[in-house]
Amino acid sequence: MRRKSVVQASVAVAALLLTACAAPEDDNGSGDSGDGGSGTDAATATSAEDFGGMDALIEAAQEEGELNVIALPPDWANYGEIIETFAEKYDIQVNSAQPDGASQDEINAAQQLEGTDRAPDVFDLGQSVALANTDMFAPYKVETFEEIPEEFKDPDGAWVNDYGGYMSVGYDSAEVPEVTSLDDLLGADFKGKVALNGDPTTAGAAFSGVVMAAVANGGSADDVAPGLEYFQELNDAGNFLPVDPTPATVESGQTPVVIDWDYLNASLAENVSGWEVFVPEEAVIAGYYFQAINADAPHPAAARLWQEFLYSDEGQNLWLKGGARPVRGEAMAEAGTIDQELYDALPEVSGEPVIPTNEQTETAAAYLSENWAKAVG
Amino acid sequence: MPSLGLLPFLGYLTVFLIVPTITVIVGAFQVDGRFSLVNIKTLFGSTAMHALSNSMLLSAATAVIGAVLGALLCYLVVNAPPTSLFRRAVLSISGVLAQFGGVTLAFAFIATLGFSGVLTELLRSTLNVDVFGSGWLFGLPGLILVYTYFQIPLMVIVFLPALEGLKPQWREAALSIGATPRQYWLQVAIPLLRPAFLGATLLLFANSFAAYATAAALVSQGQPITVLLIRAALTSEIVLGRADLAFALALEMIVVVAVVMVAYALLLRRTSRWLR
Amino acid sequence: MRQTVLGRTVRGIVLVLFGLFFFFPLYAMLDFSTRDFQGGRTGEAWSQLLQDPTLTSAIIASLVLALLTVVGMLVLLVPTMVWVRLRVPKAKRLVEFLCLLPLTIPALVIVVGMRNVYSWVGYLVGDSIYTLAFVYVVLVLPFAYRAIDNSLSTIDVVTLSEAARSLGAGWGTVITRVVVPNIGPGLLSAAFVSVALVLGEYTIASLTNYENLQVVIALLGKSEARTSVAASLATLMFAMVLLLLLSYVGRGRSVREGKSQ
Numbered sequence: 005m006r007r008k009s010v011v012q013a014s015v016a017v018a019a020l021l022l023t024a025c026a027a028p029e030d031d032n033g034s035g036d037s038g039d040g041g042s043g044t045d046a047a048t049a050t051s052a053e054d055f056g057g058m059d060a061l062i063e064a065a066q067e068e069g070e071l072n073v074i075a076l077p078p079d080w081a082n083y084g085e086i087i088e089t090f091a092e093k094y095d096i097q098v099n100s101a102q103p104d105g106a107s108q109d110e111i112n113a114a115q116q117l118e119g120t121d122r123a124p125d126v127f128d129l130g131q132s133v134a135l136a137n138t139d140m141f142a143p144y145k146v147e148t149f150e151e152i153p154e155e156f157k158d159p160d161g162a163w164v165n166d167y168g169g170y171m172s173v174g175y176d177s178a179e180v181p182e183v184t185s186l187d188d189l190l191g192a193d194f195k196g197k198v199a200l201n202g203d204p205t206t207a208g209a210a211f212s213g214v215v216m217a218a219v220a221n222g223g224s225a226d227d228v229a230p231g232l233e234y235f236q237e238l239n240d241a242g243n244f245l246p247v248d249p250t251p252a253t254v255e256s257g258q259t260p261v262v263i264d265w266d267y268l269n270a271s272l273a274e275n276v277s278g279w280e281v282f283v284p285e286e287a288v289i290a291g292y293y294f295q296a297i298n299a300d301a302p303h304p305a306a307a308r309l310w311q312e313f314l315y316s317d318e319g320q321n322l323w324l325k326g327g328a329r330p331v332r333g334e335a336m337a338e339a340g341t342i343d344q345e346l347y348d349a350l351p352e353v354s355g356e357p358v359i360p361t362n363e364q365t366e367t368a369a370a371y372l373s374e375n376w377a378k379a380v381g
Numbered sequence: 203m204p205s206l207g208l209l210p211f212l213g214y215l216t217v218f219l220i221v222p223t224i225t226v227i228v229g230a231f232q233v234d235g236r237f238s239l240v241n242i243k244t245l246f247g248s249t250a251m252h253a254l255s256n257s258m259l260l261s262a263a264t265a266v267i268g269a270v271l272g273a274l275l276c277y278l279v280v281n282a283p284p285t286s287l288f289r290r291a292v293l294s295i296s297g298v299l300a301q302f303g304g305v306t307l308a309f310a311f312i313a314t315l316g317f318s319g320v321l322t323e324l325l326r327s328t329l330n331v332d333v334f335g336s337g338w339l340f341g342l343p344g345l346i347l348v349y350t351y352f353q354i355p356l357m358v359i360v361f362l363p364a365l366e367g368l369k370p371q372w373r374e375a376a377l378s379i380g381a382t383p384r385q386y387w388l389q390v391a392i393p394l395l396r397p398a399f400l401g402a403t404l405l406l407f408a409n410s411f412a413a414y415a416t417a418a419a420l421v422s423q424g425q426p427i428t429v430l431l432i433r434a435a436l437t438s439e440i441v442l443g444r445a446d447l448a449f450a451l452a453l454e455m456i457v458v459v460a461v462v463m464v465a466y467a468l469l470l471r472r473t474s475r476w477l478r
Numbered sequence: 303m304r305q306t307v308l309g310r311t312v313r314g315i316v317l318v319l320f321g322l323f324f325f326f327p328l329y330a331m332l333d334f335s336t337r338d339f340q341g342g343r344t345g346e347a348w349s350q351l352l353q354d355p356t357l358t359s360a361i362i363a364s365l366v367l368a369l370l371t372v373v374g375m376l377v378l379l380v381p382t383m384v385w386v387r388l389r390v391p392k393a394k395r396l397v398e399f400l401c402l403l404p405l406t407i408p409a410l411v412i413v414v415g416m417r418n419v420y421s422w423v424g425y426l427v428g429d430s431i432y433t434l435a436f437v438y439v440v441l442v443l444p445f446a447y448r449a450i451d452n453s454l455s456t457i458d459v460v461t462l463s464e465a466a467r468s469l470g471a472g473w474g475t476v477i478t479r480v481v482v483p484n485i486g487p488g489l490l491s492a493a494f495v496s497v498a499l500v501l502g503e504y505t506i507a508s509l510t511n512y513e514n515l516q517v518v519i520a521l522l523g524k525s526e527a528r529t530s531v532a533a534s535l536a537t538l539m540f541a542m543v544l545l546l547l548l549s550y551v552g553r554g555r556s557v558r559e560g561k562s563q
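Protein chains in written order, with my numbering: chain A, 5 to 381; chain B, 203 to 478; chain C, 303 to 563.
In structure tokens:
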């Protein structure tokens, strides 16, 4: 009897001890793949010069042979074509994990897979997640770094905005009447038809949608209560559909009205003729995404080459093709390297753009997480 | 020492079951590695309480509906002869359907009652009735309907032995001393079955409360129930640093399910006396 | 109990209603997945099951996981349960309690708390979807325990093992060549239930970002609804066939035993 309780006791102690510890940090065990023959430590390079020029960078990346990206849906700002073009151009295999993931999933994956070959090399994050995790990024300045306006980059290059857009309302003009203001959506013609891209307490696009509704109804980036009230009205009228819109749901007619970033709405136009995108002029909410390199990237040279590609004219124009506004857009328009046709095709935007700061986002997020469920269920 | 032979088993369970559970319990009382009651307090905040009350409502509703309908089905089955194909079929199918949950079940109902679902289109074209509405299927009402689908078979599996344990001799004995069938039911059968019925209902409650996959696949927006609030805490890109809250919510789940299962075990002990 | 005509009609109607409720969604899945956008029929969604690379690799991953889980469960449970019956009968209630514990601790809770443990697993074994088998064994324990326990109760383990030992068999031989062949149905039953459970598992795989079958089906649901419904129906059919086979195996055994008496 005593022996059994000794066994039980030791098991209990072992359990408590094990709870406290995690495995020893695998000190960049896959760092061997980063050495290549270049002689430079790719993981600490802060610009192409550290490699000895672009060609040396390309060589180092090709030696690594692979790039791990995460949470990049192919139809999001034309990422599908961007990945294909990069893979073909440099003969590097691109492993695209969790295309449906959110920004937090990217960070979670990087933490869970730390030290393995599957860890993401690069991130494309929403504002909140990016600014909360800057210690995970490796600073790097791409060749065109100087052309990027100050407010869109970290001075050391730890993160750089890559593309952005404005919050918009996309709608199938064959199913619903023309939308000229957000209030139109409260009408009887829109019963069961309005979808938000995600849940505002978890997804960036949906959150910005609520901010747009707030600003349009007399609120501001500091006060999103009017936005919440708007969606409550929308829900009470039976117009709000708690379904994530996808190209499939738009095609089938399940979600004829989608509140989302304008570049995402623009990609929907490919599948549905008569798809219109409307940016309310009294509520122009801008949002940029953040590019960063994982400090523990298993393929550091490939990661840096990816950044160079994204910020080159070619990369920026590919994003433009997806309907997004590339961060070097103005500089390229001046230099004439931008694809003028596509640039002009972007939706008309008048009015002062609002970009919520990190503090405003935090306050609004806390408010929404308290009240969204009660308002909309 | 013979009990050493149990060490591999005990060790394995400790590592893969006990340690995660203790991690959750300990983590619920920590913020950033230091002791704190902040997360426990959030549990009593309006969002978490709202989710908890919805979870309780969902579990209670599906438990009661599942129990009543399941008992009815049991009654219909128990009257059939023991070797009939019908009875064996019901039992086998119940065994399968009770395990049928999660993503597969969610898609089954989307294929039936979703926007382009078979039943939706049927009703739309024949009776001009829009059963899809504003997407009730993807919220709490939808969850209640879908959960019932696996709760009823579970009830059949759990309750049928009890119903079968009602020996026909007891009914004959009661009738032979002058009781009416109604009196037999009210004074003999139902009191005997009550612990088993209540116990099975509790089991259904716990099953529904802990279920995650079905809700995760069906509900993409909102966190109407506790398990989805845990998902949001782990994956949200808007409200950050909520992993500790996930621990607190998980602790809440352990407590609720543990209480229910203890009550179930006690009721089970009462029933087994009669089933021997 | 005499069945009146009214009683039988009512009973019939109620049974039909139950039947409709349970079988209509299955029919709906079949209909939905074979739909053509022009209103005709097509097997396109079903052929996608074999062609879509993400889906096929997920199917293979889940099948391998099921196999690993069954092996792990058998290796862990059978020797332990036999040992308990033979040498440590007092531990029976403890083992039973521990095996039923996963019913009380939801998978969601386990996945929330297992990050530390899995960082060790990743460090020692490497990072791969197949490491999920470790935690899956825990999930199947309640069902496997009951099946094997029922089977062990039908044979007299103590006498058999004493006889074998007296003839000079070691413990290993006792377990593998004496006990195991006699509890075949129980082992098969445990194996089938484990496979069904692993194939249907979503919670842990999705929150650890591995792409098993259910995770991929859920992902596909957003873009290719028909294919994901087809995959769901296929999984369900497979599990149904498994569990029906299981009930036949169980009955076959008892029929044989009944005849030999």
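Virtual Cβ for every residue (Gly too), placed ideally from N, Cα, C.
Opposing strand residues paired with residue i [DSSP bridges]
i: A/Tyr-167; result: A/Pro-330
i: A/Ala-252; result: For A/Ala-252, which the question treats as bridged, DSSP gives no partner whatsoever.
i: A/Gly-176; result: The sequence shown places Asp at residue 176 of chain A, not Gly. BP columns for A/Asp-176 point to A/Trp-279.
i: A/Pro-357; result: A/Val-288
i: C/Arg-337; result: C/Arg-343
i: A/Ala-296; result: A/Phe-127
Residue j beta carbon less than 8 Å from that of residue i
i: C/Ala-507; j: C/Val-517; result: yes
i: A/Pro-103; j: B/Gln-423; result: no
i: A/Ala-81; j: A/Ala-305; result: no
i: A/Lys-127; j: A/Phe-313; result: Correcting the residue type first, residue 127 of chain A is Phe in the shown sequence and not Lys. No. Outside cutoff.
i: A/Pro-230; j: A/Trp-376; result: no
i: A/Asp-410; j: A/Ala-75; result: No answer is possible for residue 410 of chain A: it lies beyond the span of chain A, which begins at 5 and ends at 381.
i: B/Phe-340; j: B/Leu-430; result: no
i: B/Leu-239; j: B/Phe-246; result: no
First and last residue of the uninterrupted alpha helix (DSSP H) at residue i
i: B/Ala-398; result: 392 to 412
i: A/Asn-375; result: 362 to 380
i: A/Phe-235; result: 229 to 240
i: C/Val-366; result: 355 to 388
i: A/Trp-323; result: 317 to 325
i: B/Met-357; result: 342 to 366
Span of the beta strand (DSSP E), counted from its first residue to its last, around residue i
i: C/Phe-431; result: Checking the sequence shown, residue 431 of chain C turns out to be Ile, not Phe. Careful: C/Ile-431 lies outside any beta strand (DSSP E) and carries neither H nor E.
i: A/Trp-265; result: 261 to 265
i: B/Ser-286; result: Run containing B/Ser-286: none; DSSP gives neither H nor E here.
i: A/Asp-128; result: 126 to 129
i: A/Gln-97; result: 97 to 101
i: A/Ile-74; result: 70 to 74
i: A/Ala-199; result: 198 to 200
Exposed unless 16 or more other CB atoms sit within 10 angstroms - verdict on residue i
i: A/Ser-42; result: For A/Ser-42, the pLDDT reaches just 42, beneath the cut-off of 50, and the residue's location in the model is therefore unreliable, although a value from the coordinates is still provided. Label assigned to A/Ser-42: buried.
i: A/Val-133; result: buried
i: C/Phe-339; result: exposed
i: A/Lys-93; result: exposed
i: B/Val-331; result: exposed
i: A/Met-5; result: Annotation note: pLDDT 47 at A/Met-5 (below 50); position unreliable, coordinate value reported separately. So A/Met-5 counts as exposed.
i: A/Met-216; result: buried
i: C/Thr-306; result: exposed
i: B/Ile-392; result: exposed
i: C/Leu-388; result: buried
Min CB distance residue i to chain D below 8 Å
i: A/Val-133; result: In the displayed structure, chain D is absent; the protein chains listed are A, B and C.
Exercise. Are three or more beta carbon pairs between the stretch 433 to 446 of chain B and the stretch 396 to 404 of chain C nearer than 8 Å?
Worked result: Fewer than three beta-carbon pairs drawn from the stretch 433 to 446 of chain B and the stretch 396 to 404 of chain C are found closer than 8 Å, and the two stretches are therefore not classed as touching.
Exercise. Should the stretch 324 to 343 of chain C be regarded as contacting the stretch 382 to 396 of chain C, the criterion being three or more beta carbon pairs within less than 8 Å?
Worked result: Remark: fewer than three beta-carbon pairs, one from each stretch, lie closer than 8 Å, so the stretch 324 to 343 of chain C and the stretch 382 to 396 of chain C are not flagged as touching.
Exercise. Any chance the stretch 417 to 436 of chain C sits against the stretch 461 to 474 of chain B, with 3 or more Cβ pairs inside 8 Å?
Worked result: Segment contact: the stretch 417 to 436 of chain C against the stretch 461 to 474 of chain B, fewer than three CB-CB distances shorter than 8 Å; contact not assigned.
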